[in-house]
Structures are given as structure tokens and as C-alpha cells.
Amino acid sequence: MLCLMPVLVQPGALGKLLDAPAQLVFAGVVAVLATSYAITAREPTDVLFFANFLAMPLSAAVYLIALERQGRATTLLILRLCLLGTAVGLGFALYDIFGRNLDRAMGFIGNPNLMPRIALPLGFAALAGVFVDTGWRRWLYCLAPVAAIATTFLCGSRGAFVAIPAMVLLSIIFLWQNKATRTFVTVGALLTAAGAVAGALYLGPSVFERFAGIVQVVSDVLQSGRAGSDGATQERLVMYSTGIEAFQLSPWIGWGWANLGNIAAELNPEVFASQAGTAFMYHNDAVNFAVAAGVVGLACLAALLVAPVLGAVAAPRDRYFATRLYICLILSVGYAIFGLTDSTLGYDAPTTLYAFLTAMVLGAFREPKAEAPAV
């Protein structure tokens, strides 16, 4: 990441960034969080936890690099890399299940909940290739979301799975707007159905059992405030209630990201005593930000989630406008849902993907003058 820093001091860099609202929001949020952590610090090093979000300000350098390489060639390169990344992710997931005989795929240096939070944004972003590429290659991009959904099933991540309907709906809306891409809606549905049948045949119906009870778990929580026999969800509910209590005790500025585990141990020692001084998180972005920085933290989270769409709307209305907006909505909506059930923003890999992919899309997915049609 440090290699990106020289780009920020090049002539004209500041002016370009002042016209990039998403990058301004990213940098501003990190500055605000760092200030709040300094105020609530119990140790001088507590303020260093702003580094959890270091990818946000560094995305400005990625944006400037992408801006210098805008156009169809770079756009296709990024989308094809997203497609490749999704395929590699599915390969790791299949190897985990069939090669390592794991119950849930977890990927390389990952875990079953992290892996889909990388695969799904990449897969649905790659689908935008049908808007940009031509010929038979356009059909390859239909495989990306199917592979991402398959990876999510192999990982058994119910929290990530909840984001799939919203991502599918966004894809259908954007594909249906263009007559040339409506066919891809049908093809995508058929590919997904075929993948589900293949999964049932080769893995057995047990692969779907973990997801079948989602509606019942939600119903139990809404009716009684408890998750019934679902232990994982019940553990999260205890985290949430402890986090909400911590927020109520310091609602404006919070306790600092460094003290997420400390305050949990202090308020609920029976359950969280061992989490004091650890990198504990509440498995929910809103609770994490609320405990770490109070109302200020919640405002920062909202700003981070809105930033990609804000950047897309502020960008030129050129031939890539719909493609930019689609991917930015996939990121914003997807990450908002991911954060309901697990820590996402503030966790290194998904945070970096969110910031850097936003910067690449907003910078490179543009129409250079050479591409503009003659008037």
C-alpha cells in the first residue's frame, strides 16, 4: 500500500480528488474515526486502530491511477479479473469440500463467513461485463454470479446468503433496462437452477439444510427475541445486546475500537471475560461502529455505505454510467446486508476490496474523448 503514496503528491492530484466525492468521504470518515479513538483512548496506541480502515484513504491513489487509464480496455481488464477471482474462489471452495473433506469451505487464509463476502461482490460486479464486452465472451460473465452463489453455499454462510436476493434483484433491474441484455436474465436463472440441482445431486440435500431454517430463525427472533435452538444466532444476539448496552452508556463518542472487547468483558463478564484486550468484534457493523464511536460512528458507517453510490451519481453521464452505478449499488447494498450478521467494514480483506474496487470503478469506468462518438 505504501507504494501508492507517491501518486497522491503528483501535480494536479488534489484537484482531481476534490472532484471525487467517494474518495473524500472515505478519507474524511477515517479522520473522524481516528479523532474519536484518540479521545476515548485508554492507551496511547489505541488510536492506531484507525489503521483498520487504512484502505479507505489509500483508495485515493488507486482512483488517481485508474483515472489515468480510463476507458474500455481497463474496464474490461478489471471485470475479467473479477471474473477470474470468482472462479478461483469457487475452485478453493470445491477443493475444501472434496479435497480436504471440510464441512464448510473456508478458502486460502480465510474462513467460511469471509470467503463469500469477497466472492459475491466480485461475482456480481463481474456480471457488468455483459454491458461492456462483445461477442461470445459476454456469456462468460453470466457464470460469475453463479460461481459466487455456489461458493456461498459451499461455505455455508447464512449471513452472506441473505445478501443474494438483493444482489440478484439489482442485476435483473439493470439487465432488463437494455433489450440487448434481457436474455442474460433468463440464462442466469437457468444457470443458477442448474447449479442448485448439481449441488443437490453431488453434495446431497444436506448442503441446503443450513439455509432452509433462515426464515424460522428470523421468525423466532422477531417473536421471542431468542433464536430457539440455533446456537450461532443466539450467540450473536448476546453480542448485540451487550453492544447496545455499551452504546447506551456512551452514546455520543463510544469507547474506541481498541476497547470493543474490554467493554464487553466489563458489562458481561460471565460471557465475555476472556475477550478483554483481544481483537473482539460484535459480528455486526452497526454495533461495532456504535460501540467504537457512538452516534459519530454510526454516521461514519452510513457515510461509508453511501459513498460509492454518491461517487457514481456525481460522475459523468457517459456510456459507462449505468455500469458504474450498478457495481457501486452492488457494493453499497451488499456490504450493508453483510454487516447485519458479521463484521465486514473494519475487517481487512473486505474493507480493502470495498474501497479499492470502488476507486477502480469510479476512476477507470469512464469514456475518454477518443471513445466518445462523433457529434
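Under the numbering used here, the first residue of the sequence shown is numbered 649, with each subsequent residue one higher.
Every residue, glycine too, gets a C-beta built ideally from N, C-alpha and C.
Neighbourhood of residue i by C-beta distance below 7 Å, restricted to the same chain and skipping five residues each side
i: Asp-966; result: Arg-1014, Glu-1015
i: Val-780; result: Arg-720, Thr-723, Leu-724, Leu-727, Thr-971
i: Val-943; result: Pro-899, Trp-900
i: Cys-948; result: Val-677, Val-680, Leu-681, Phe-937, Ala-941
i: Met-704; result: Phe-674, Ala-675, Val-677, Val-678, Ala-1003
i: Val-939; result: Gly-891, Ala-894, Phe-895, Gly-902, Trp-903, Leu-908, Ile-911, Tyr-930
i: Ala-686; result: Val-695
i: Arg-786; result: Gly-777, Val-778
i: Gly-987; result: Asn-932, Asp-933, Ala-934, Leu-993
i: Val-886; result: Val-919
i: Val-1023; result: Low confidence applies here, because Val-1023 scores a pLDDT of 35, under 50, leaving its location unreliable and the question unanswered by this model.
Residues near residue i by beta carbon distance below 8 Å, same chain, minus five either side
i: Ala-795; result: Thr-734, Ala-735, Gly-737, Leu-738, Ala-767, Gly-771
i: Gln-825; result: Ala-970
i: Ile-637; result: In the structure displayed, the chain extends from 649 to 1023; residue 637 sits before or after that span and is not available.
i: Pro-964; result: Arg-1014, Glu-1015
i: Gln-718; result: Gly-1011, Ala-1012, Phe-1013, Arg-1014, Glu-1015, Pro-1016
i: Leu-946; result: Ala-934, Phe-937, Ala-938
Buried versus exposed, by CB contacts within 10 Å (16 or more), residue i
i: Phe-937; result: buried
i: Gln-896; result: exposed
i: Leu-838; result: exposed
i: Gly-873; result: The predicted model places Gly-873 with a pLDDT of 48, which falls under 50 and marks its position as unreliable; any figure quoted below should be read in that light. So Gly-873 ends up on the exposed side.
i: Ile-812; result: buried
i: Ala-821; result: Reading the sequence as shown, one finds Ile at residue 821 and not Ala. Per the 10 Å Cβ criterion, exposed.
i: Asp-751; result: exposed
i: Arg-690; result: exposed
i: Thr-800; result: buried
i: Asn-700; result: buried
i: Arg-830; result: exposed
i: Thr-1025; result: With the chain covering only 649 through 1023, there is no way to say anything about residue 1025.
i: Arg-748; result: exposed
i: Ala-753; result: buried
i: Gly-925; result: exposed
i: Leu-982; result: In the sequence as displayed, the identity of residue 982 is Gly instead of Leu. That one is buried.
i: Gly-663; result: exposed
C-beta contact flag for residue i and residue j at 8 Å
i: Thr-989; j: Val-695; result: no
i: Leu-742; j: Ala-774; result: no
i: Arg-765; j: Pro-998; result: yes
i: Thr-688; j: Ile-901; result: yes
i: Ile-985; j: Ala-814; result: yes
i: Gly-1011; j: Ala-714; result: yes
i: Ala-661; j: Leu-702; result: no
i: Val-935; j: Tyr-968; result: no
i: Val-778; j: Phe-832; result: yes
i: Thr-992; j: Asp-933; result: yes
i: Pro-669; j: Leu-958; result: yes
i: Leu-977; j: Leu-818; result: yes
i: Phe-756; j: Phe-746; result: no
Same chain, Cβ closer than 6 Å to residue i, five either side skipped, listed in chain order
i: Phe-1004; result: Ser-707, Val-710
i: Asn-761; result: Ser-805, Asp-990
i: Gly-923; result: It is worth fixing the name first, because residue 923 is Gln in this sequence and not Gly. Gly-909, Ala-912, Ala-913, listed in sequence order.
i: Asn-916; result: Thr-890
i: Ala-921; result: Ala-913
i: Val-1009; result: Arg-972, Ile-975
i: Gly-807; result: Thr-989, Asp-990
i: Ser-684; result: Ile-901, Ala-941, Val-944
i: Arg-884; result: His-931
i: Gly-758; result: none
Given residue i as reference, the closest of the options once Cα atoms are compared
i: Asp-996; options: Phe-697, Ile-975, Ala-682, Ile-797; result: Phe-697
i: Ala-906; options: Phe-928, Asn-916, Val-919, Gly-804; result: Phe-928
i: Leu-953; options: Leu-979, Gly-891, Phe-969, Ala-686; result: Leu-979
i: Glu-673; options: Trp-900, Ala-950, Leu-977, Gly-902; result: Here the sequence assigns Val to residue 673, which means Glu is not the residue at that position. Checking every option, the nearest Cα to that of Val-673 belongs to Ala-950.
i: Cys-803; options: Val-835, Asp-744, Ser-684, Gly-959; result: Asp-744
i: Val-816; options: Gly-758, Pro-793, Pro-964; result: Pro-793
i: Asp-667; options: Ala-960, Val-886, Glu-918, Gly-758; result: Ala-960
i: Val-835; options: Leu-818, Phe-801, Leu-791; result: Leu-791
i: Tyr-789; options: Val-886, Gly-758, Leu-729; result: Leu-729
i: Gly-783; options: Ala-828, Met-763, Gly-758, Asn-759; result: Ala-828
i: Gln-671; options: Ala-962, Leu-885, Gly-987; result: Ala-962
i: Glu-716; options: Leu-665, Asn-759, Leu-885; result: Leu-665
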